[in-house]
Structures are given as C-alpha cells and as structure tokens.
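What follows is a set of notes on a single structure, which appears directly below.
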Amino acid sequence: MKPTSSIPSATTSSTSISKRLRLLRLGICIICAVIILTLFRFQVFNGEFFRHHSRRNFLRHKTISSLRGAILDRHGVPLASNRPVTSLFWHGTRSPKLTDKQNALIDLISTLVNPPTAHIPNRETIALAERLGNDCALIPDLPFEKLCFIMEHYSQNPNISIQTASARYYPQGNTACHIVGYFRPSSQRQSLMGLEKLFEEQLRGTPGQQEMVVNSIGHNLLSREIKRAQDGEPLWTTLDLNLQRIGEELFDEGLVGALIAMDAQTGDLLAVVSKPSFDPNMFTGPVSDDLWKNCVENKPFINRAFSSCYPPASVFKLITATAMIEEKTFPPNTSWHCAGEINWHGRSWKCSSYEHGGHGFISSIEEALAKSCNIPFFEIGKRISIDTLARYAHKFGLGEPTGVIFPEKAGLIPTAAWKRKTRGEPWSQGETVLAAIGQTYCQATPLQMIRVVGSICTGFLVRPRILLAESIDRKPLEISQATRELLQRSMKRTIKQGTGVSLSRLSHMEIYGKTGTAQTSSLEKRGMGRQYLEHGWFVCCARYKDYPPIALAVFLENVGSSSFATRLTKDFLTRYCAHLDHQEAADEEAEIEDNETGAIEEKTPQSHPEISSAENSTNLVTQSPESLQQPS
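Add 2 to a position in the sequence shown, counting from 1, and you land on the number used in the numbering used here.
Shown next as structure tokens:
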C-alpha cells in the first residue's frame, strides 16, 4: 500500500499568512508608536530645549555697554570722561581645543604689545572662549598702527574680531585725582576710589542687549537692538578747576601735605589738593611692577586733606582762648610776660620765641593769639580741665566727622575718660597744658581745621559738600558774639603784625588767619633728619571785593615751621585774586558784546542762591549768626 503524501490545505496556508501579517502590522504599529512618542517627547516636552539650541547655532546675544557718566567741575569742565577705543578680541568658533595654527596666531598677537603678554589672557581663558563660542579680549586698547597690521593680514580670520568701545579718560591728569578717583575696566568693572567708587551705580548706567544672526563660522550677518543702553548720569562737583590747578601747581616737588579752599558760607569745596598725587589714567589698564612699587613707597592714594590726622598745634589756641573767655578763666585783657619759657612741676615749658629771649610783654589774649605765644596758654592749661577744653573743641566740630560724603578720619580730642579707657592711666594736668597749645594727643584733619576758621568768620559751622546737588547744611557756632569778634580781631592782627605778617602785603584783601607749628619729636632730634622736623599749618578766611569769603587751610609735613605754609597761602591768594579779576574782565567783555547785539542776559549772582544778597555785602568781621539766613 502506497504512503499518502501530506499536502497542506488552502485553509491552513491562509491562516499562517494572516498570522504573520498581523505580527507585521503589530510591529509596524509599535515602531510607529515609538516614533510618534519620541517625536512628541522631542517636540512637546523638550521642544523649548531644542529650539533654544537651534537658535544658538545662528543667533548670538551681545551686551551693549553703556557710556559712563562724566564727572564735571562746577563750570561743566570735564574731570572724567570717555574716549573711543578699538580692541582686539578672540572670537570663539566652538572648536573643542586650540589648534596648532590658532596657538601660533596667539603667539604672534602677543608680540604686538610691550612687554609681550602684558595684555594677553592666559591660554586656558582663550581655550574656554573657543569652546563656548564666546569673545575674549586680547588687547583692550589697540594702537592704530597695530590695528592696521591686523586688518591687513588677519581681517578674514574667523578668530579675529575688532570691536570699538569707550574707555575711561581723565583729561586733567592728576588734578583733583583724590576727589575724582579712578575706574578699572576689569571683569568686575571695579571703581577703586573717589567719586568713581562712591557713585558707581549712578555713573555706570544700564547696559543694553543686541541680537545677531551669524553664519556657520560665527560672523555677523544681521543684528538688531533688543534693549537700548542707558548712559550713566553726570556728576557736577563744587570744584573750580582753575583754583584746583592753582593749588596743585604751588606744591613743589617733594612737598607732602594738603590744601583746601572752601566757600565759607556754603561749604562748597572749591579746591582739594593732596600731595603726593597720581595720574588716574595710569590705573585704567594693567599696572606695571615699577608703578606699583612707587605707589607703595610714596603713598599717593592717601587723601591727606580728609584722611590724615595731625596735631593742630597753635591753631588750636583759638579753641583754648574761646574756653578761657567763655569759662571766665582769665579776663580777656589779662597781660602776661613771656621770657621764652616757664618752669612748672620741675619741668621747663618753652615758647617758640625761646631762642630769641621771649616775646616780652603780652598785653592781652588777643596779642597772644596774634604772636602765637605759648606762655599765656600754658597758664590757661594749668587752670582749665581737659574735659572743658574738649567740650569747646567739639563746638568747633573737632573730634568728630565733618559730614563730607567721602571717607574721613574723625581725629581725636582727648578726655580724662578716654585716657583711662585706652591707656588705663589717669589724666595729668601737664597733659592739659600741652593740649592747650594743640599738642599731646590732639589730632585733626585739614578739613576739620578749615571748618574751625570758617565758623569763626561766618558764625556758622558748615558741612563741607563736594557735589552741587547736595543740600547746604550748617548750624550756628555755639559761642558768644563777643568771643567770636575777639577771635576775628586776633586773626586779623596775626596778618597785620603777628606770625602771618607776610600776607599783609595783600592789602586789597581782607584776611583773618592763624599759623601753627606742630612738633613731631623732641627738640634734640630736629637735626637728625627731615622726618623729625615740625609740620606747618596756616588757616585763614579771606575776602576779595564783593566776592563770597573763602576759607583756606594749608598743611605741610616736616617743613620745620609754619612759614612755608604761610608763603604757599600768600601765593594761592595772589593768584586767586588774579583769577577773579580775569573772570570779571571776561564777564564785562561778554556783557558789552551782549549789549551791542541787544541780547542782554541776566547775570548770575556771585553767592549761592540760598544765601541772601544782604549777606554778601556784610563785612566779614561784623557778620553775626543772625545776619546769615539759615537755609531750609
């Protein structure tokens, strides 16, 4: 019997094919579902992420720097401004690392500056910018001849970018440098001192933003401004650049000290000189080792007008005389005899006239102040307490901040409690004798001393101001009118026949002054070097014609006496008068021209608008607190 062959039926074959088709369809559906879910995840859940990265391939954002606000003197002359600069940048192209060709280009660029690599960032910084596609400054201020070389040979290089910007510029050099300060365009955009630091937020403005369309190698194809940059606001100072220059020029090479000129009525600081000084332009870029070494040795950053304290010396006798009169320690017309020294408690107390046999007969405290004789003040120091002396010193603003917007030292007016707290010792009356002539622990800044002389002449203790936008702030000097007039007479007598007699030649001016010689060491050390010589003071209040009274304080370190400070004051006032005459002549000429053209403009009054014109016409000596309107 033959075997029967197994032949699949049509039904079985159809079922198998149908099953395979179902599996194929299922697989296709699964694949499609995966694709759809993946696309959904990319486009919906992660869509913003990929859109952002897509835009980064052809869109770049660039910060637009704002122009820094100018710093101006009271007449609008710039003390700090901006200048255009061209900078060389490394433009990153998103390469994972620097190639040999790129390293060779960086080496070549480093030879364009002197010394080499003085401005060039390190390789790690450039490599990071290359990877991220950012810009990195190579030479911040590219000289013109170097710019021409770069443009001629490398203008098509994708890594080379030339950008223009603005840099801080100080057109007056070192003039008023301690007031203006300086600005360093570092990554932190740090202003290190002066108005540049104090008003950083106001001066810097608000940066803008620009959006750029770039090609595959990062070159700009199209750009638009997203946010407009807002420039910084200007600062109008109270400084008079002409007077500031006069003060700067009077300091000979090597002189260390300060000069302040102030409107005695308003407190406007017209000139603030501190020596040694510096040129702010030298610190807007990299600082060399030699320059920094010079700064460390000479200490030019110290503002000696505000931040250095010195013994007030004989200028302090004005406060001692006030305490004597107000406390009735001695009658004002008490007479003394000066033989050059007195002996008290087994010690010799010498006057400055010791080597010349003394001043002889001193008829009153007024004459004692004019001749700066120590003997009457030694006698006052024997009878008065240090706490009483300190109380009157504080009436004149000593031992406390003046209120100026700059960092300042408060100085020191000692008391018995202060010595017990700081030294653990009782106060001795001998120390009061020395304090009566402005020595021992007494310390004051030139800014404090100019307030003293200004308050005696106007009857008001003013807060010094450096910006025209600041309000005028002053309070009456809390001493009697009779005492203030006696101090004025003594200061005028100082000029006529006392220690400031060299200024009597300025007969066209009304001057009230006081000299001071601050001892820094024992008399035996005077010949051992300049550092042991005495400091010199001269403070005064002066008036020329109908102009507002000007207060002046001059301090010189280690010059041996007050004569140098007196001479410098005389030279300043001489040039000050010449400056006012020149300004007056120019104003008259301008007025004549206006009259001829029929365009007569109202003249601006000389005094501050918050001070009445009646005050200006009042004689400096007879001005009383009541004659000056208290500003609101």
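Note that the Cβ used here is the ideal one computed from N, Cα and C, for glycine as well.
Can you tell me the Cα-Cα spacing of residue i and residue j, whole angstroms?
i: residue 175; j: residue 250; result: 11 angstroms
i: residue 237; j: residue 305; result: 20 angstroms
i: residue 627; j: residue 478; result: Residue placement at residue 627 is poorly supported in this model, since its pLDDT is 35, which falls under 50; the coordinates are not used for a value here.
i: residue 409; j: residue 463; result: 19 angstroms
i: residue 550; j: residue 589; result: 17 angstroms
i: residue 618; j: residue 416; result: Residue placement at residue 618 is poorly supported in this model, since its pLDDT is 41, which falls under 50; the coordinates still yield a value, given next. Taking the straight line from one Cα to the other gives about 38 angstroms.
i: residue 541; j: residue 240; result: 20 angstroms
i: residue 569; j: residue 231; result: 51 angstroms
i: residue 128; j: residue 39; result: 42 angstroms
i: residue 63; j: residue 22; result: 57 angstroms
i: residue 639; j: residue 277; result: Look at the range of the chain in this structure, 3 to 634, and you will see that residue 639 is not part of it.
i: residue 563; j: residue 532; result: 12 angstroms
i: residue 411; j: residue 594; result: 49 angstroms
i: residue 140; j: residue 587; result: 52 angstroms
i: residue 100; j: residue 160; result: 13 angstroms
i: residue 339; j: residue 375; result: 10 angstroms
i: residue 536; j: residue 418; result: 27 angstroms
i: residue 32; j: residue 25; result: 10 angstroms
i: residue 474; j: residue 404; result: 13 angstroms
Return yes when at least one heavy atom of the ligand ATP lies under 7 angstroms from the C-beta of residue i, else no.
i: residue 162; result: Ligands in the displayed structure: none, and consequently the ligand ATP is not present.
Taking a contact to mean a Cβ-Cβ separation below 8 angstroms, would you say residue i touches residue j in this structure?
i: residue 538; j: residue 558; result: yes
i: residue 206; j: residue 70; result: yes
i: residue 445; j: residue 334; result: no
i: residue 468; j: residue 407; result: yes
i: residue 518; j: residue 316; result: yes
i: residue 65; j: residue 165; result: no
i: residue 252; j: residue 583; result: no
i: residue 319; j: residue 371; result: yes
i: residue 73; j: residue 194; result: no
i: residue 242; j: residue 495; result: no
i: residue 579; j: residue 266; result: no
i: residue 2; j: residue 488; result: Because the chain in this structure spans residues 3 to 634, residue 2 falls outside the shown range and cannot be described.
i: residue 560; j: residue 501; result: no
i: residue 362; j: residue 353; result: no
i: residue 448; j: residue 262; result: yes
i: residue 343; j: residue 337; result: no
i: residue 307; j: residue 274; result: yes
i: residue 385; j: residue 331; result: yes
i: residue 436; j: residue 508; result: no
i: residue 98; j: residue 133; result: yes
i: residue 476; j: residue 269; result: yes
i: residue 272; j: residue 466; result: no
Quick one: what's residue i bridged to in DSSP?
i: residue 363; result: 339
i: residue 138; result: 92
i: residue 514; result: 543
i: residue 464; result: 476
i: residue 213; result: 63 and 226
i: residue 397; result: For residue 397, which the question treats as bridged, DSSP gives no partner whatsoever.
i: residue 82; result: 73
i: residue 273; result: 263
i: residue 345; result: 350
i: residue 535; result: DSSP output for residue 535 lists no bridge partner at all.
i: residue 447; result: In the DSSP output, where bridge partners are listed per residue, residue 447 has none listed.
i: residue 195; result: 184
i: residue 238; result: 74
i: residue 557; result: 260 and 539
i: residue 166; result: 88
Excluding sequence positions up to five away, which residues of its chain have a Cβ less than 8 angstroms from the Cβ of residue i?
i: residue 189; result: Low confidence applies here, because residue 189 scores a pLDDT of 45, under 50, leaving its location unreliable and the question unanswered by this model.
i: residue 300; result: 278
i: residue 43; result: none
Keeping to the same chain, check which residues put their C-beta closer than 7 angstroms to that of residue i; ignore five residues upstream and five downstream.
i: residue 234; result: 68, 69, 70, 71, 204, 205, 206 and 207
i: residue 427; result: 421
i: residue 602; result: Summary for residue 602: the model assigns pLDDT 49, below 50, so the residue's position carries little reliability; its value from the coordinates is reported in the next sentence. Around residue 602: 596.
i: residue 298; result: none
i: residue 490; result: 458, 459, 514 and 623
i: residue 293; result: 284
i: residue 499; result: 372
Going along the chain, which residues of its own chain have a beta-carbon closer than 6 angstroms to the beta-carbon of residue i, five neighbours each way excluded?
i: residue 162; result: 156
i: residue 2; result: Only positions 3 to 634 of the chain appear in the structure, and residue 2 is not among them; the question remains open.
i: residue 149; result: 88
i: residue 438; result: 322, 379, 382 and 383
i: residue 20; result: none
i: residue 96; result: 135
i: residue 434; result: 383 and 388
Any alpha helix (DSSP H) of 4 or more consecutive residues that is wholly inside the region 290-338
Correct list: 291-300 and 319-328.
Please go through the region 479-507 and give each complete beta strand (DSSP E) segment of 3 or more residues, from N-terminal end onward.
The qualifying runs do not exist here; there are none.
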